[in-house]
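Here's the structure, in structure tokens; my notes come after.
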Ligand code: NDP
């Protein structure tokens with residue numbers, strides 16, 4: 038059996054009940070086969086792949102908090118510090134009832150290669166909790182965030198591990214966590230990114246993942262002589278990534294006709310009203326039925342269904358495995374030309390394969406949503422030099438980074454004879470830098 042197949046089998050045996058982690062490892066290792074096969078003896082001797090797929094450290098802790106009625110609850114907190122070969126661990130904190138160690142490991146593993154692709158000095162990590170922020174009062178959110186940080190603060194720091202937002206963790210949660218870190222550690226430092234502008238946050242961080250997704254989509258289309266202007270776009274999700282993807286797509290002249298949340302989805306043939314969507318999701322924190330009620334010409338449907346709408350470009354921006362093989366077939370039938378992932382691993386393995394085999398341009402999340410973490414790293418730089426850059430300065434750096442990511446993944450795919458396979462290109466380009474750093478630093 039090849040070294041890679043042995044490792045995939047080991048990962049499955051040693052980490053049972055973690056299907057998302059298996060999926061992420063399989064996808065990455067499969068596409069770096071050319072490099073591993075060419076160096077198998079050395080990699081085996083140095084246990085290179087074992088070190089790559091086993092986190093440097095994983096922390097699991099109890100998070101007790103008290104609700105508004107005075108009742109205590111206990112959630113589980115996680116931080117997986119996966120790989121620090123090229124810099125301090127960096128990756129978001131997910132607050133969602135579906136969170137478990139397997140989900141955090143899949144996200145942390147992906148984060149290693151994503152962070153490497155940005156060209157910035159950041160290692161891979163991820164964390165979170167199975168706490169559900171939905172329906173909680175502000176005070177309950179604060180209680181939870183403070184308790185979560187009371188434990189997490191022992192393991193993070195501006196030069197060791199710098200968490201950020203993710204599903205369920207936005208500016209409000211980061212604020213409460215930052216306050217608690219400062220109180221307990223007595224340090225005002227860049228230990229979290231996604232902070233508010235009044236205490237060290239970066240302009241354009243809120244917009245970065247969605248905007249970055251469109252910058253790379255635009256670069257991809259231009260490379261194939263396609264103009265994004267006038268194209269119809271389907272987006273899933275209605276959170277941070279989705280909202281700013283919709284905004285930038287519209288600025289670039291495309292028409293976005295859908296968005297969704299975990300209960301239903303909107304089809305708006307006139308184009309999503311992004312100001313209204315922001316008001317509903319960012320300010321009022323309501324469901325998408327409020328969009329339909331405010332814009333009577335739009336349609337609201339329960340459940341999932343965004344991918345049945347005819348579009349040129351599909352941007353899945355909600356969560357993992359939300360675009361299935363059936364969805365991919367519908368997209369193909371409807372003439373879709375490109376799928377670029379805003380979320381982490383939103384396309385299932387068989388759907389990804391189908392899209393690639395059927396000539397649909399496909400960029401995986403670890404490349405196309407890297408704008409978020411890249412701008413987080415720019416926030417770290419600003420914190421270190423105690424300066425704030427203008428919106429345009431950050432935004433133009435973000436655009437440059439995303440265009441570079443596209444150039445690098447495209448070149449890596451070509452170099453190994455897989456032109457146009459951006460999954461392989463992203464994994465190879467991300468892996469090469471991490472490999473070089475791991476080799477240089479010895480067996481640690
Ligand atoms: P948000 O919490 O802001 O929004 C998530 C959106 O997806 C919401 O509309 C939510 O609906 C929906 N959603 C979440 N879980 C499910 C589910 N199980 N089924 C259907 N819909 C769901 O998160 P973000 O926008 O920040 O993150 C979205 C994705 O992008 C995630 O995969 C995240 O890891 C990834 N990402 C985010 C980055 C960032 O900077 N924010 C950076 C890179 C990647 P509802 O409100 O009803 O739950």
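Residue numbers (the working numbering): 38 to 481.
Glycine included, each C-beta is placed from N, C-alpha and C at the ideal position.
- Message: Is residue 414 near ligand 1 - that is, is its Cβ less than 8 angstroms away from at least one heavy atom of it?
- Response: Looking up residue 414 in the chain shown gives position 377. False, no ligand heavy atom lies under 8 angstroms from that Cβ.
- Going straight from the alpha carbon of residue 241 to that of residue 81, what length do you get? For this step, residue 241 is matched to residue 204 along the chain shown. For this step, residue 81 is matched to residue 44 along the chain shown. Residue 241 and residue 81: Cα-Cα distance of roughly 43 angstroms.
- Message: Closer than 8 angstroms is the cut-off here; do at least three beta carbon pairs connect the stretch 195 to 205 with the stretch 124 to 139?
- Response: yes
- Message: Are the CB atoms of residue 443 and residue 404 within a distance shorter than 9 angstroms?
- Response: Position 367 of the chain shown, counted from the first residue, corresponds to residue 404. Position 406 of the chain shown, counted from the first residue, corresponds to residue 443. In contact: residue 404 and residue 443 (Cβ atoms closer than 9 angstroms).
- Count the C-beta pairs between the stretch 420 to 427 and the stretch 157 to 169 that are closer than 8 angstroms, then say yes if the count reaches three, no if not. no
- Query: DSSP on residue 54, reduced to helix/strand/coil?
  - Reply: Translated into positions along the chain shown, residue 54 becomes position 17. Residue 54 falls in the coil class under three-state DSSP.
- Boundaries (first-last residue) of the alpha helix (DSSP H) holding residue 112: One-based indexing of the chain shown puts residue 112 at position 75. Careful: residue 112 lies outside any alpha helix (DSSP H), inside the beta strand (DSSP E) at 109 to 120.
- Message: Below 8 angstroms on the Cβ atoms is my contact criterion, and I expect residue 68 with residue 465 to pass it. Report the Cβ-Cβ distance as a whole number of Å.
- Response: Here residue 68 refers to the residue found at position 31 of the chain shown. Here residue 465 refers to the residue found at position 428 of the chain shown. Going by Cβ atoms, the distance from residue 68 to residue 465 rounds to 6 angstroms, so yes, they are a contact pair.
- Query: Straight-line CA distance for residue 252 to residue 297?
  - Reply: What you label residue 252 is simply residue 215 of the chain shown in a count that begins at 1. What you label residue 297 is simply residue 260 of the chain shown in a count that begins at 1. In a straight line, the C-alpha of residue 252 is about 22 angstroms away from that of residue 297.
- Message: ligand 1 and residue 171: does any heavy atom of the ligand fall closer than 8 angstroms to the residue's C-beta?
- Response: Reading the chain shown from its first residue, position 134 is the one you call residue 171. Yes.
- Which residues does DSSP pair with residue 350 in a beta bridge? Reading the chain shown from its first residue, position 313 is the one you call residue 350. Answer is 270, 375, bridged to residue 350.
- The alpha helix (DSSP H) with residue 389 in it runs from where to where? Along the chain shown, one-based indexing puts residue 389 at 352. Note, residue 389: alpha helix (DSSP H), 386 to 394.
- Message: Going by the DSSP bridge assignment, what does residue 339 pair with across the sheet?
- Response: As a first step, residue 339 must be located in the chain shown, where it is residue number 302. Bridge partners of residue 339: 301.
- Task: In the DSSP assignment, find the unbroken alpha helix (DSSP H) run with residue 138 in it and report its ends.
- Result: Residue numbering aside, residue 138 sits at position 101 when the chain shown is read from its first letter. Taken as a continuous stretch (DSSP letters only), the alpha helix (DSSP H) holding residue 138 covers 138 to 154.
- Separation of residue 75 from residue 44, as counted between CA atoms: The residue you call residue 44 lines up with position 7 of the chain shown. The residue you call residue 75 lines up with position 38 of the chain shown. Near 16 angstroms, if we compare the C-alpha coordinates of residue 75 and residue 44.
- Item | Inter-stretch contact (C-beta, 8 angstroms, three-pair minimum) for the stretch 261 to 279 and the stretch 444 to 454 | no
- Task: Along the beta strand (DSSP E) that carries residue 418, what are the first and last residues, could you check?
- Result: As a first step, residue 418 is located in the chain shown; it is residue number 381 there, counting from the start. No beta strand (DSSP E) contains residue 418, which is instead part of the alpha helix (DSSP H) from 407 to 422.
- Message: Count Cβ pairs between the stretch 280 to 291 and the stretch 360 to 368 that sit closer than 8 angstroms; are there 3 or more?
- Response: no
- Query: Counting Cβ pairs, one atom from each stretch, are 3 or more of them under 8 angstroms apart for the stretch 174 to 181 and the stretch 141 to 151?
  - Reply: no
- Query: Based on Cα-Cα distance, which residue from 54, 49, 366 lies nearest to residue 62?
  - Reply: As a working mapping, residue 62 is identified with position 25 in the chain shown. Looking at the Cα atoms, 49 is the closest of the given residues.
- Message: Using a Cβ-based criterion (distance less than 8 angstroms to any ligand heavy atom), does residue 116 qualify as near ligand 1?
- Response: Position 79 of the chain shown, counted from the first residue, corresponds to residue 116. No, since every heavy atom of ligand 1 falls outside the 8 angstroms radius drawn around the Cβ of residue 116.
- Query: Skipping 5 residues on each side, what residues in its chain have a beta carbon closer than 8 angstroms to that of residue 314?
  - Reply: Translated into positions along the chain shown, residue 314 becomes position 277. The residues are 275, 280, 283, 296, 328.
- Query: To the nearest angstrom, how far is it from the Cα of residue 429 to the Cα of residue 232?
  - Reply: Counted from its first residue, the chain shown places residue 429 at position 392. Counted from its first residue, the chain shown places residue 232 at position 195. Taking the straight line joining both Cα atoms gives about 18 angstroms.
- Query: Buried or exposed: where does residue 224 fall if 16 or more other Cβ atoms within 10 Å of its Cβ makes it buried?
  - Reply: Taking the first residue of the chain shown as position 1, residue 224 is located at position 187. That one is exposed.
- Item | Any non-hydrogen atom of ligand 1 within 8 angstroms of residue 246 CB | Your numbering for residue 246 matches position 209 in the chain shown. It does: the Cβ of residue 246 is within 8 angstroms (strictly closer) of some heavy atom of ligand 1.
- Message: Taking 8 angstroms as the cut-off, is the beta-carbon of residue 224 closer than that to any non-hydrogen atom of ligand 3?
- Response: This structure lacks ligand 3; the ligands present are ligand 1.
- Query: Which ranges would you report for the beta strand (DSSP E) in the stretch 233 to 298 if only whole runs of at least 3 residues count?
  - Reply: 269 to 273, 295 to 297
- Message: Only counting the same chain, and skipping five residues up and downstream in sequence, which positions put a Cβ closer than 6 angstroms to that of residue 254?
- Response: As a working note, residue 254 is residue 217 in the chain shown. If we look at residue 254 and ignore the five residues flanking it on each side, its Cβ neighbours are 377.
- Burial state of residue 406 (16 or more Cβ within 10 Å): As a first step, residue 406 is located in the chain shown; it is residue number 369 there, counting from the start. Per the 10 Å Cβ criterion, buried.
- Please name the residue, chosen from 477, 415, 65, that lies closest to residue 199 on a Cα-to-Cα basis. Here residue 199 corresponds to residue number 162 of the chain shown, with the count starting at 1. Among 477, 415, 65, the Cα nearest to that of residue 199 is on 415.
- Query: Opposite residue 97 in the DSSP bridges: which residues?
  - Reply: Residue mapping note: residue 97 aligns to position 60 of the chain shown, counting from 1. Its beta-bridge partners are 115.
- From residue 302 to residue 250, what distance separates their C-alpha atoms? By one-based count along the chain shown, residue 302 stands at place 265. By one-based count along the chain shown, residue 250 stands at place 213. Taking the straight line joining both Cα atoms gives about 21 angstroms.
- Message: Is it buried or exposed, residue 401, if we count other Cβ atoms within 10 angstroms and call 16 or more buried?
- Response: Position 364 of the chain shown, counting from 1, holds the residue named residue 401. Counting Cβ neighbours within 10 Å, residue 401 comes out buried, since at least 16 surround it.
- Could you tell me if the beta carbon of residue 318 falls within a distance shorter than 8 angstroms of some heavy atom in ligand 1? Position 281 of the chain shown, counting from 1, holds the residue named residue 318. Yes; taking the cut-off as 8 angstroms, the Cβ of residue 318 has a heavy atom of ligand 1 nearer than that.
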